[in-house]
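Everything below concerns the one structure shown next.
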Amino acid sequence: MLDVQNLSIVYNRVRPHVPAAMDISLTLSAGESLGIIGESGCGKTTLALGIMGLLRQAEIRGRVLFQERNLTEMKASRRRLFRWRHIAMVFQNSLEVFNPVTTLGEQLAEPLRTHLGLSPKAARERMAEMLTLTGLDPQWQTGYAHQLSGGMRQRALIAMALGCEPDVLIVDEPTTSLDPQSRTDILNLIETLQQRMGFAMILISHNLPAVRSLTSRLMTLYAGRVVEQGVTSDVLRNPMHPYTRGLINAAPDFFPYKDLWGIGGAPPKPGVAAGCAFEPRCCQSLELCKQSRPKLSGVGVERRVACHKGGIETVLQATGLKKSYRHGPGKISALKGVSLTVRRGEVVALVGKSGSGKSTLAHSLVRVIRPDS
Numbered sequence: 009m010l011d012v013q014n015l016s017i018v019y020n021r022v023r024p025h026v027p028a029a030m031d032i033s034l035t036l037s038a039g040e041s042l043g044i045i046g047e048s049g050c051g052k053t054t055l056a057l058g059i060m061g062l063l064r065q066a067e068i069r070g071r072v073l074f075q076e077r078n079l080t081e082m083k084a085s086r087r088r089l090f091r092w093r094h095i096a097m098v099f100q101n102s103l104e105v106f107n108p109v110t111t112l113g114e115q116l117a118e119p120l121r122t123h124l125g126l127s128p129k130a131a132r133e134r135m136a137e138m139l140t141l142t143g144l145d146p147q148w149q150t151g152y153a154h155q156l157s158g159g160m161r162q163r164a165l166i167a168m169a170l171g172c173e174p175d176v177l178i179v180d181e182p183t184t185s186l187d188p189q190s191r192t193d194i195l196n197l198i199e200t201l202q203q204r205m206g207f208a209m210i211l212i213s214h215n216l217p218a219v220r221s222l223t224s225r226l227m228t229l230y231a232g233r234v235v236e237q238g239v240t241s242d243v244l245r246n247p248m249h250p251y252t253r254g255l256i257n258a259a260p261d262f263f264p265y266k267d268l269w270g271i272g273g274a275p276p277k278p279g280v281a282a283g284c285a286f287e288p289r290c291c292q293s294l295e296l297c298k299q300s301r302p303k304l305s306g307v308g309v310e311r312r313v314a315c316h317k318g319g320i321e322t323v324l325q326a327t328g329l330k331k332s333y334r335h336g337p338g339k340i341s342a343l344k345g346v347s348l349t350v351r352r353g354e355v356v357a358l359v360g361k362s363g364s365g366k367s368t369l370a371h372s373l374v375r376v377i378r379p380d381s
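Take the sequence shown: its position 291, counted from the start at 1, is 299 in the working numbering, and no numbers get skipped.
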């Protein structure tokens with residue numbers, strides 16, 4: 009459905025130039041969902057706007073293929089016909105997206121009249137249907153954006169984006185500034201509409217539970233580059249790039265032990281780092297990382313990571329440790345096949361009541377005592 013090949017976007021109207029997205033490639037099949045995560049400023053929205061063809065003050069290289077048609081080579085007038093009709097976007101900051109002095113009905117109906125050629129009456133009827141589908145009263149067509157709550161405006165944006173029944177929907181931070189109940193309602197709505205209408209979707213979000221439930225594949229962006237790709241459930245359960253792990257462990261609604269984690273420092277200015285952009289914040293950096301940028305390489309089934317060490321390295325691994333002590337005529341089994349893996353930068357806790365084997369395990373790991381096997 010969508011094939012993005014080596015897309016690079018540089019904001020060249022400022023000095024110095026800002027390379028906001030570099031050599032990004034992705035594919036999206038019909039009905040599939042792709043999640044994109046990363047800190048603010050890492051290039052997520054720029055990538056979405058580049059796919060949509062909405063960046064006029066930027067240099068764009070690479071190709072965006074929609075059903076094998078190259079959108080980047082199309083004239084602006086022809087590409088404009090593709091937007092909303094085939095690829096639509098739900099923007100973040102809904103209060104800024106809507107025109108404050110124009111009724112919602114006028115704004116919501118514009119894509120329908122432009123791309124489907126509907127009459128004013130037919131456009132109003134179609135939009136009334138879409139508003140009802142998204143849980144809004146059709147009478148809000150006569151209202152203005154400031155009269156709606158944040159959750160209601162987000163529903164209106166979704167209704168407008170899906171009015172032309174696009175093949176691909178890009179959703180950018182749909183739950184920003186919403187209360188917990190509104191966030192849940194919006195995410196459930198998106199899931200229901202995708203199942204009903206069958207569109208493919210790119211979801212950009214800091215909400216990791218939403219990404220886990222709504223997407224099948226996941227991409228992590230850092231400083232404008234892809235640092236990890238893979239199946240969503242695999243990446244969130246076992247991240248292989250230190251940055252992806254840091255994002256997951258810093259998410260309070262996803263990782264409960266947040267006080268032990270975080271990512272020190274701040275992202276660099278795009279294009280400044282000669283080597284790996286994450287090197288100053290990484291727990292396992294090498295001198296090579298400062299000098300050479302790692303390639304995005306395969307490290308498993310459907311998993312790619314940009315790291316000179318091939319991902320987070322394992323610093324300690326124990327398998328099947330057993331230890332018994334003689335006690336009178338019998339013996340006490342202190343360890344019964346204990347296995348443990350510690351990866352670079354992790355904090356692993358051993359808990360249990362006295363006599364459960366914690367100290368025996370620790371002594372075995374540092375070879376103060378020799379395990380039986």
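Ideal Cβ placement from N, Cα and C applies to all residues, glycine included. The model shown is predicted, which means the values in this text are computed figures rather than measured ones.
Where Q147 and E137 are concerned, what is the direct C-alpha to C-alpha distance, given to the nearest angstrom?
By one-based count along the sequence shown, residue 147 stands at place 139. By one-based count along the sequence shown, residue 137 stands at place 129. One C-alpha to the other measures close to 11 Å.
Pull up the distance between the alpha-carbon of R301 and that of E133, whole angstroms please.
Taking the sequence shown and counting its residues from 1, one reaches residue 301 at position 293. Taking the sequence shown and counting its residues from 1, one reaches residue 133 at position 125. R301 and E133 have their alpha carbons spaced roughly 54 Å apart.
Might you give, ordered along the chain, the residues of its own chain that have their beta carbon closer than 7 Å to the beta carbon of A169, omitting 5 neighbours on each side?
Counting from one through the sequence shown, the residue named residue 169 turns up at place 161. So the qualifying residues of the chain are A96, M97, V98 and L177.
May I ask you to list the residues that DSSP assigns as paired with I95?
For this step, residue 95 is matched to residue 87 along the sequence shown. Its beta-bridge partners are R91 and V176.
Among residues of its own chain, excluding the 5 on either side of Y185, which ones have a beta-carbon nearer than 7 Å to its beta-carbon?
The count along the sequence shown starts at 1 and reaches residue 185 at position 177. The residue asked about is misnamed: residue 185 is Ser in this sequence, not Tyr. Once the five neighbours on either side are set aside, the close Cβ partners of S185 are G158.
At least 3 beta-carbon pairs within less than 8 Å: the stretch 201 to 211 vs the stretch 16 to 28
Here the stretch 201 to 211 does not lie against the stretch 16 to 28, with fewer than 3 beta-carbon pairs under 8 Å apart.
What's the gap between the Cα of Y152 and the Cα of G272?
Walking along the sequence shown from the start, residue 152 turns up at place 144. Walking along the sequence shown from the start, residue 272 turns up at place 264. Whole-angstrom Cα-Cα distance: 43 Å.
Does DSSP put P128 in a helix, in a strand, or in coil?
Counting from one through the sequence shown, the residue named residue 128 turns up at place 120. Correct three-state label for P128: helix.
How would you label K331, buried or exposed, when you count the other beta carbons within 10 angstroms and need 16 or more for buried?
Here residue 331 refers to the residue found at position 323 of the sequence shown. Burial call: buried.
From the DSSP output, read off the bridge partner residues of G2.
An answer regarding residue 2 cannot be provided, because it is not within the stretch 9 to 381 covered by the chain.
Less than 8 Å between the CB atoms is what I'm expecting for H249 and V309, so what's the real figure, rounded?
Numbered from 1 along the sequence shown, position 241 holds the residue referred to as residue 249. Numbered from 1 along the sequence shown, position 301 holds the residue referred to as residue 309. So it is not a contact: roughly 16 Å between Cβ atoms.
In the DSSP assignment, find the alpha helix (DSSP H) that holds L62 and state where it starts and stops.
Looking up residue 62 in the sequence shown gives position 54. That residue, L62, is in no alpha helix (DSSP H); it is neither H nor E in DSSP.
Residues in the same chain with beta-carbon distance under 6 Å from Q149, minus the five sequence neighbours each way, listed in chain order, please.
Here residue 149 refers to the residue found at position 141 of the sequence shown. Excluding positions up to five away in sequence, the list reads L112 and G113.
My output table needs one value for K52: the three-state DSSP class, helix, strand or coil.
Here residue 52 refers to the residue found at position 44 of the sequence shown. Reduced to three states, the DSSP call for K52 is helix.
Just the Cα atoms here: how many angstroms apart are L222 and D261?
Counted from its first residue, the sequence shown places residue 222 at position 214. Counted from its first residue, the sequence shown places residue 261 at position 253. L222 and D261 have their C-alpha atoms some 16 Å from each other.
Less than 8 Å separating the beta-carbons of F286 and Y333?
The count along the sequence shown starts at 1 and reaches residue 286 at position 278. The count along the sequence shown starts at 1 and reaches residue 333 at position 325. Taking 8 Å as the cut-off, the beta carbon of F286 is found no closer than this to the beta carbon of Y333.
Mapping the DSSP letters down to three states, classify M205 as helix, strand or coil.
Taking the first residue of the sequence shown as position 1, residue 205 is located at position 197. Looking at M205 - three-state DSSP - the assignment turns out to be helix.
Pick out the complete alpha helix (DSSP H) segments inside the stretch 249 to 294, 4 residues or longer, and give them in chain order.
Counting only unbroken stretches of 4 or more residues, the alpha helix (DSSP H) elements lying wholly within the stretch 249 to 294 are 250 to 257, in sequence order.
Counting only runs that start and end within the stretch 11 to 46, where is the alpha helix (DSSP H) found for 4 or more residues in a row?
When DSSP assignments are scanned along the stretch 11 to 46, no uninterrupted stretch of alpha helix (DSSP H) that is 4 or more residues long falls wholly within it.
Kindly confirm or deny that the stretch 32 to 44 and the stretch 227 to 246 touch, where touching means at least three C-beta pairs closer than 8 Å.
Touching, per the Cβ criterion.
Look at the Cβ atom of V346, then the Cβ atom of A326, and state whether they are nearer than 8 Å.
Here residue 346 refers to the residue found at position 338 when the sequence shown is read from its first residue. Here residue 326 refers to the residue found at position 318 when the sequence shown is read from its first residue. Result yes, Cβ atoms of V346 and A326 sit closer than 8 Å.
For L89, count neighbouring C-beta atoms within 10 Å of its own C-beta (all shown protein chains included) and say buried if the count is 16 or more, exposed if not.
What you label residue 89 is simply residue 81 of the sequence shown in a count that begins at 1. With fewer than 16 Cβ atoms within 10 Å of its Cβ, L89 is classed as exposed.
As assigned by DSSP and simplified to three states, the class of E67
Taking the first residue of the sequence shown as 1, we reach residue 67 at position 59. It is a strand residue.
When you compare only the Cα positions, how much space is there between L195 and M205?
Stepping through the sequence shown from its first residue, residue 195 is reached at position 187. Stepping through the sequence shown from its first residue, residue 205 is reached at position 197. So the alpha carbons of these two residues sit roughly 15 Å apart.
Report the partner residues of A326 according to the DSSP bridge assignment.
Within the sequence shown, the letter at position 318 stands for residue 326. Under DSSP, A326 forms a beta bridge with L348.
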